[in-house]
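Below is one structure; the comments refer to it alone.
In full-length UniProt numbering, the protein residues as written are 1 to 272.
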């Protein structure tokens with residue numbers, strides 16, 4: 001089932017990506033030394049304070065850290081002041097069923113297919129319950145194939161949680177999308193321009209692979225240091241990403257962060 005994709009009078013679709021918030025039922029709870037509710041609050045305050053336009057929000061998974069209904073309600077309550085439609089997908093730390101119920105009760109849409117004049121966006125579920133890696137079930141691949149076949153004239157943004165190609169962190173890349181080859185096989189069957197937007201890796205990433213652009217964004221809490229074989233945290237500030245989808249298929253994208261030394265994680269942490 002599809003829903004209308006909001007676009008500006010100039011034909012552009014402008015969106016905000018929020019990812020890996022890792023919220024808890026308890027607002028004081030910490031992830032590796034960072035109060036995730038506080039870091040998200042600081043991100044939202046900064047978003048409200050700048051003039052970068054956006055018309056919708058994509059939340060690309062790991063919204064909860066403790067699988068609680070309260071954490072999803074907290075997410076909904078904290079993003080409500082932004083006043084924009086929110087579309088979401090689960091990450092490996094989420095409870096998919098509880099997430100669906102809790103966000104629906106909070107008034108957040110369950111839609112996973114957004115379609116506009118020039119662009120369409122599809123949100124895919126890569127969660128494997130109880131596992132850190134990702135997998136696209138057959139029905140998810142079939143849904144993607146249907147969308148691409150139905151509108152071959154529309155540029156397509158595909159949102160998911162797990163990375164489809166290695167990002168250069170060996171410890172993290174073992175928890176990637178395990179059937180990425182199946183995903184790229186589906187994409188190769190269709191002519192339109194395609195971009196993958198994901199979370200999970202807690203860092204910036206933007207590369208081209210087999211004609212597909214792959215973009216990842218910082219977490220709103222802890223950051224993983226790029227290009228490290230072992231688990232390594234980064235002191236870069238929590239971040240978020242704006243994307244502008246142009247009618248001709250171009251994507252402008254900017255990562256914003258809180259100032260350096262904001263919400264520094266526990267330097268002794270060796271995993272989570």
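For every residue, glycine included, the Cβ atom is placed at its ideal position computed from N, Cα and C.
Counting of Cβ neighbours within 10 angstroms places residue 271 among the exposed residues, the total staying below 16. In the three-state scheme derived from DSSP, where H, G and I count as helix and E and B as strand, residue 63 is classed as coil. Bridge pairing for residue 207: 214 [DSSP].
Under the three-state reduction of DSSP output, residue 155 falls in the strand class. The alpha-carbon separation between residue 177 and residue 49 amounts to approximately 36 Å. Relative to residue 243, the option among 2, 40, 57 whose CA is nearest is 57. The stretch 81-96 and the stretch 57-70 touch, with no fewer than 3 CB-CB distances between them shorter than 8 Å. In this structure, the CA atom of residue 228 is about 17 Å from the CA atom of residue 266.
In the displayed model, residue 70 falls within a helix according to three-state DSSP. Look at the beta carbons and you see the stretch 186-199 touching the stretch 154-172: at least three pairs across the two are nearer than 8 Å.
For residue 251, there is no enclosing alpha helix (DSSP H); the residue is found in the beta strand (DSSP E) stretching over 251-257.
In this structure, residue 122 and residue 81 do not form a Cβ contact; the two beta carbons are roughly 28 Å apart against a cut-off of 8 Å. By alpha-carbon distance to residue 9, the top candidate from 21, 268, 246, 32 is 246. For residue 210, the number of other beta carbons within 10 angstroms of its own is below 16, and it is reported as exposed. Of all alpha-carbon atoms in 136, 133, 187, the one lying nearest the alpha-carbon of residue 147 is that of 187.
Going by C-alpha positions, residue 96 is about 13 Å away from residue 131. Pairing residue 248 with residue 179, the inter-Cα distance amounts to about 30 Å.
Rounded to whole angstroms, the separation of the alpha carbons of residue 226 and residue 108 is 33 Å. In this structure, residue 20 places its C-beta atom within 7 Å of the C-beta atom of residue 202. Counting only the Cα atoms, residue 173 lies some 15 Å from residue 206.
According to the DSSP assignment, residue 239 belongs to the beta strand (DSSP E) that extends over 239-245. Taking 7 Å as the cut-off, the Cβ atoms of residue 17 and residue 262 do not count as close. Taking 7 Å as the cut-off, the beta carbon of residue 59 is found closer than this to the beta carbon of residue 86. Collapsing the DSSP output to three states places residue 33 in coil.
In the DSSP annotation of this structure, the continuous segment of the beta strand (DSSP E) that includes residue 198 starts and ends at 194-198.
Going by DSSP, residue 147 is part of no beta strand (DSSP E) but of the alpha helix (DSSP H) stretching over 138-150.
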